[in-house]
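Enquirer: Residues in the sequence shown are numbered consecutively from 2, following the numbering used here.
Here it is: the structure, laid out below.
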Amino acid sequence: MSDVIEQSSVDKEVAQPTASATKSPASVDGSSATSASASTLASPASAALPAKPTSAASKAPKVPTSEYDYYIVLDFEATCDDNKPVAELLVTGATSEIIEFAWLCIAKNNFTVLHEEQRYVKSVSTPVTPFCQSLTKITPEKLENAGTLVEAIESLDNYITTEILDRGKSFCFVTHGAWDLRIQLPREAKDKNISLPTYLKEPILFDLKEEATKWVAHHSEVILKSFSLEKMCEAFNVSQVGQLHSGVDDAKTIVSIMKYLVAFAHPDVFTQAMDPAQTLKMFKMEESKIVRISSLSFDITQTELEAFFASKQLKPKELVMQANGTNTNRASAGGFAVFEKHNDALAALDLNGSLLGQRTIEITPSKPILKECVIIFFSTRRLDMQHVPIHQLRIKKSMPQV
Numbered sequence: 002m003s004d005v006i007e008q009s010s011v012d013k014e015v016a017q018p019t020a021s022a023t024k025s026p027a028s029v030d031g032s033s034a035t036s037a038s039a040s041t042l043a044s045p046a047s048a049a050l051p052a053k054p055t056s057a058a059s060k061a062p063k064v065p066t067s068e069y070d071y072y073i074v075l076d077f078e079a080t081c082d083d084n085k086p087v088a089e090l091l092v093t094g095a096t097s098e099i100i101e102f103a104w105l106c107i108a109k110n111n112f113t114v115l116h117e118e119q120r121y122v123k124s125v126s127t128p129v130t131p132f133c134q135s136l137t138k139i140t141p142e143k144l145e146n147a148g149t150l151v152e153a154i155e156s157l158d159n160y161i162t163t164e165i166l167d168r169g170k171s172f173c174f175v176t177h178g179a180w181d182l183r184i185q186l187p188r189e190a191k192d193k194n195i196s197l198p199t200y201l202k203e204p205i206l207f208d209l210k211e212e213a214t215k216w217v218a219h220h221s222e223v224i225l226k227s228f229s230l231e232k233m234c235e236a237f238n239v240s241q242v243g244q245l246h247s248g249v250d251d252a253k254t255i256v257s258i259m260k261y262l263v264a265f266a267h268p269d270v271f272t273q274a275m276d277p278a279q280t281l282k283m284f285k286m287e288e289s290k291i292v293r294i295s296s297l298s299f300d301i302t303q304t305e306l307e308a309f310f311a312s313k314q315l316k317p318k319e320l321v322m323q324a325n326g327t328n329t330n331r332a333s334a335g336g337f338a339v340f341e342k343h344n345d346a347l348a349a350l351d352l353n354g355s356l357l358g359q360r361t362i363e364i365t366p367s368k369p370i371l372k373e374c375v376i377i378f379f380s381t382r383r384l385d386m387q388h389v390p391i392h393q394l395r396i397k398k399s400m401p402q403v
C-alpha cells in the first residue's frame, strides 16, 4: 500500500504472456501497475494430480460453479515482532500495520491474470522490526517513499468499480486465511478512521485454507501437514512463486494452488464463497447460540478462554477446541463456544478482532452445517481441559474440520 507500486518481473512459475503486458506510465511519485490481459499462471505437473488422468493438467482448468466472474486474490504483509514476552513486544496483533498491499484480478474461466498490483504502505505507529525485515524482506528504507493505506484502498476500489462493477460483472476475494480481510483491515481501518467500501466491510471470499480442507477430504492419500503456503505446495507438488512472505508472490502462489484444486472439479471446492452478511442473517434468523473461534494460541487453555469471555461479562456453556499443526510457536487453534442465550452469542461476535495474549482472534457466526457436528461432539465426548493446553488434548480427529 503506497504511492510506490512495485511491479515484480514475471517469475519462472508464471507463463510468458502471449500478448505483451501493458504497464501504465509511472506516476509522479513513481507508482505503476500492470494489466496483463494474457498472462496466466502455470499449470501443475500432471504427476501432481492424484486420481486424475495424466492429461488433466495440460487442459484448461475446470471451472467451479461459483457465480462470480472474477477473483481478486489478495495478500497483505504487516508489521510484526517475534515471540518475546508481551512486555517486550514492539508490535502486537492489536497494533500491527499493513506495509504491503498486493492483489491480482483473475478471470474465473481460465485463470488469466488481468491485473496485478503491489503497493508498499508506510507504517505510522509501529516499527519494521528486525524480525519483520527478516520475514518479509521489507526494510524501513523501502517504505520511506511509500504512500498511505487510504491510497492503497482507493486504488483497489477504483479498479473494482471501473473494471468490474460498472461493467455489470461480479467478483469475490480469495485469501490465504481470513485474517487479511476479517481481522487486520477492519481493525486498522477503525484505528485510522478509514471508511471502507461495502465489499470490504463485509467481504465475500474463498479462504484457501478452507477449500484445501474440503479438497483433502476427497483425497486420503494426500498428507497435508499444515495449511501454510509452503506445506500446501509440497503436498500438492505445486511450485511456490518467488519469495515467501512477499505479498505479490504469495498471491501468485495462492492462484497456483487454487488452479490445482479446481482441476479436480469437486462439487464442494471453490463453489460456495463465505458471505459474512448472509451468514450473520442466518445466524440471527436461527437464533444460534454457537460461535466459531479462530487464530487462538496453540497452547491456550480453557481457563484462559473462560477468563477472556468473563472479562466481557460472557460465560460460554461449552467450549471445544481443535489444534491445527504441531509447532507450538506458530501453530494455531480454533473451535466453538456455545452460550445459553442467542443474545450472548451475538455479544460474543462483537469481540471479533480482540487481542488474547499475543494473538488477534477471530470470532464469527458458526455455519449451520457445523452446528450439528458440534452438538453431536458435545453429547459423545466430554473433556476436562481446564488447565491442559489444547495441543495436548489430541481431539482433532473427533472434531469437525475448522
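Virtual Cβ for every residue (Gly too), placed ideally from N, Cα, C.
1) Using DSSP bridges, identify the partner residues of D76.
2) Just the C-alpha distance for V339 and A278, rounded to the nearest angstrom, thanks.
3) Within the continuous alpha helix (DSSP H) that includes R188, where are the two ends?
4) Could you tell me which of M286, F207 and K290 sits nearest to A346, measuring between CA atoms?
5) Would you call A308 buried or exposed, if buried means 16 or more other Cβ atoms sit within 10 Å of its Cβ?
6) Can you name the start and end residues of the alpha helix (DSSP H) that E231 belongs to?
7) Just mark A103 as buried or exposed, buried being the case when its beta carbon has 16 or more other beta carbons within 10 Å.
8) Per DSSP, what kind of secondary structure is A39 in: helix, strand or coil?
9) Report back the beta-carbon spacing between T130 and D82 to the nearest angstrom; my notes put them in contact at under 8 Å.
10) For I255, which residues in the same chain have their Cβ closer than 8 Å to its Cβ, ignoring the five residues on either side in sequence?
11) Whose CA, out of E203, F207, Y71 and V223, lies closest to the CA of N111?
12) Taking only the alpha-carbon atoms, compute the straight-line gap between P86 and G358 and give it to the nearest angstrom.
13) Mind checking whether V242 and D250 have CB atoms under 8 Å apart?
14) Checking 8 Å against the spacing of the C-beta atoms, do F237 and I258 come in under that value?
15) Give the secondary structure of T137 by DSSP, where H, G and I count as helix, E and B as strand, and everything else as coil.
16) Rounded to whole angstroms, what's the CA-CA distance from S135 to V114? Just pull it up for me.
17) When you compare the stretch 151-170 with the stretch 87-107, are there three or more beta-carbon pairs, one atom per stretch, that lie closer than 8 Å?
18) Applying the criterion that 16 or more other CB atoms from any shown protein chain within 10 Å of the CB defines a buried residue, is P268 buried or exposed?
19) If you check the beta carbons only, do P366 and V321 fall under 8 Å apart?
20) Helix, strand or coil: which one does DSSP assign to L352?
21) In whole angstroms, what is the alpha-carbon distance linking T304 and K170?
22) What's the gap between the Cα of L144 and the Cα of T80?
23) Under three-state DSSP, which class holds L115?
24) Taking the alpha carbon of K202 as the point to measure from, which residue in W216, I184 and K193 has its own alpha carbon closest?
25) Consult DSSP for S257 and reduce its assignment to one of helix, strand or coil.
26) Within this structure, are the beta carbons of I294 and G336 separated by less than 8 Å?
27) Using the beta-carbon count (16 or more within 10 Å), is D30 buried or exposed?
28) Can you find the residues in the same chain that come closer than 6 Å, C-beta to C-beta, to E341, ignoring five residues on each side of it along the sequence?
29) What does the Cβ neighbour count give for R168, buried or exposed, with the cut at 16 atoms within 10 Å?
30) How far does the alpha helix (DSSP H) with L306 in it extend, from its first residue to its last?
31) Is the separation between the beta-carbon of L150 and that of E189 shorter than 8 Å?
32) Cβ atoms of T96 and T137: under 8 Å apart, would you say?
33) Measure the C-alpha to C-alpha separation of N194 and T163 and round it to an integer number of angstroms.
34) With S295 as the anchor, note down where its beta strand (DSSP E) starts and where it stops.
35) In this structure, what does DSSP give as the bridge partners for C173?
36) Determine the direct distance from the alpha carbon of K260 to that of V217, and round the result to whole angstroms.
Expert: Well, looking at it:
1) Counting from one through the sequence shown, the residue named residue 76 turns up at place 75. Note: D76 sits in a beta bridge opposite A103.
2) By one-based count along the sequence shown, residue 339 stands at place 338. By one-based count along the sequence shown, residue 278 stands at place 277. Whole-angstrom Cα-Cα distance: 21 Å.
3) Along the sequence shown, read from residue 1 onward, the residue named residue 188 stands at position 187. L186 to D192 is the extent of the alpha helix (DSSP H) around R188.
4) For the purposes of this step, residue 346 is taken as residue 345 along the sequence shown, with counting starting at 1. The candidate whose alpha carbon is nearest that of A346 is K290.
5) By 1-based counting over the sequence shown, the position of residue 308 is 307. A308 comes out exposed.
6) As a working mapping, residue 231 is identified with position 230 in the sequence shown. Unbroken alpha helix (DSSP H) run through E231: L230 to F237.
7) Counting from one through the sequence shown, the residue named residue 103 turns up at place 102. Flag for A103 reads buried.
8) Residue numbering aside, residue 39 sits at position 38 when the sequence shown is read from its first letter. In this predicted model, A39 has a pLDDT of only 36, less than 50, meaning its place in the structure is not dependable enough to derive any value.
9) Reading the sequence shown from its first residue, position 129 is the one you call residue 130. Reading the sequence shown from its first residue, position 81 is the one you call residue 82. At roughly 5 Å, the Cβ-Cβ gap stays under 8 Å, so T130 and D82 are in contact.
10) As a working mapping, residue 255 is identified with position 254 in the sequence shown. Correct list, in chain order: V74, D76, V175, T176, H177, L209 and L230.
11) As a first step, residue 111 must be located in the sequence shown, where it is residue number 110. Of the candidates E203, F207, Y71 and V223, the one whose C-alpha sits nearest the C-alpha of N111 is Y71.
12) On the sequence shown, residue 86 is found 85 positions in, with the first residue counted as 1. On the sequence shown, residue 358 is found 357 positions in, with the first residue counted as 1. Rounded to the nearest angstrom, the two C-alpha atoms are 10 Å apart.
13) The residue given as residue 242 occupies position 241 in the sequence shown. The residue given as residue 250 occupies position 249 in the sequence shown. Their beta carbons are under 8 Å apart, which means V242 touches D250 by this criterion.
14) Here residue 237 corresponds to residue number 236 of the sequence shown, with the count starting at 1. Here residue 258 corresponds to residue number 257 of the sequence shown, with the count starting at 1. Contact flag set, yes.
15) Within the sequence shown, the letter at position 136 stands for residue 137. Helix.
16) Locating residue 135 in the sequence shown gives position 134, where the first residue counts as 1. Locating residue 114 in the sequence shown gives position 113, where the first residue counts as 1. Rounded to whole angstroms, S135 to V114 spans 29 Å at the Cα level.
17) yes
18) Against the sequence shown, residue 268 aligns to sequence position 267. P268 is exposed by the Cβ-count criterion.
19) Indexing the sequence shown from 1 puts residue 366 at position 365. Indexing the sequence shown from 1 puts residue 321 at position 320. No, the Cβ-Cβ distance between P366 and V321 is not below 8 Å.
20) Start at 1 with the first residue of the sequence shown, and residue 352 comes out as number 351. Looking at L352 - three-state DSSP - the assignment turns out to be coil, as it is neither helix nor strand.
21) Reading the sequence shown from its first residue, position 303 is the one you call residue 304. Reading the sequence shown from its first residue, position 169 is the one you call residue 170. Each residue's Cα considered, the two are about 49 Å apart.
22) In the sequence shown, the residue the question calls residue 144 occupies position 143. In the sequence shown, the residue the question calls residue 80 occupies position 79. The alpha-carbon atoms of L144 and T80 are separated by roughly 12 Å.
23) The count along the sequence shown starts at 1 and reaches residue 115 at position 114. Three-state result, L115: strand.
24) As a working note, residue 202 is residue 201 in the sequence shown. Here the closest residue by C-alpha is I184.
25) For the purposes of this step, residue 257 is taken as residue 256 along the sequence shown, with counting starting at 1. In this structure, S257 counts as helix in the three-state DSSP scheme.
26) By one-based count along the sequence shown, residue 294 stands at place 293. By one-based count along the sequence shown, residue 336 stands at place 335. Yes, Cβ-Cβ distance for I294 and G336 is below 8 Å.
27) Along the sequence shown, read from residue 1 onward, the residue named residue 30 stands at position 29. Residue placement at D30 is poorly supported in this model, since its pLDDT is 37, which falls under 50; the coordinates still yield a value, given next. Result: exposed.
28) Walking along the sequence shown from the start, residue 341 turns up at place 340. Closer than 6 Å at the Cβ level, and outside the excluded window around E341, lie K318.
29) Within the sequence shown, the letter at position 167 stands for residue 168. Classification for R168: exposed.
30) Residue mapping note: residue 306 aligns to position 305 of the sequence shown, counting from 1. Segment Q303 to A311, the alpha helix (DSSP H) holding L306.
31) Along the sequence shown, read from residue 1 onward, the residue named residue 150 stands at position 149. Along the sequence shown, read from residue 1 onward, the residue named residue 189 stands at position 188. Going by C-beta atoms, L150 is nearer than 8 Å to E189.
32) Taking the sequence shown and counting its residues from 1, one reaches residue 137 at position 136. Taking the sequence shown and counting its residues from 1, one reaches residue 96 at position 95. Going by C-beta atoms, T137 is not nearer than 8 Å to T96.
33) Within the sequence shown, numbered from 1, the residue matching residue 194 stands at position 193. Within the sequence shown, numbered from 1, the residue matching residue 163 stands at position 162. The straight-line gap from Cα to Cα measures roughly 25 Å.
34) Position 294 of the sequence shown holds residue 295. Per DSSP, S295 belongs to the beta strand (DSSP E) from I291 to S298.
35) Your numbering for residue 173 matches position 172 in the sequence shown. DSSP, once it has assigned bridges, lists Y72 as partnering C173.
36) Locating residue 217 in the sequence shown gives position 216, where the first residue counts as 1. Locating residue 260 in the sequence shown gives position 259, where the first residue counts as 1. Cα to Cα, V217 sits roughly 15 Å from K260.
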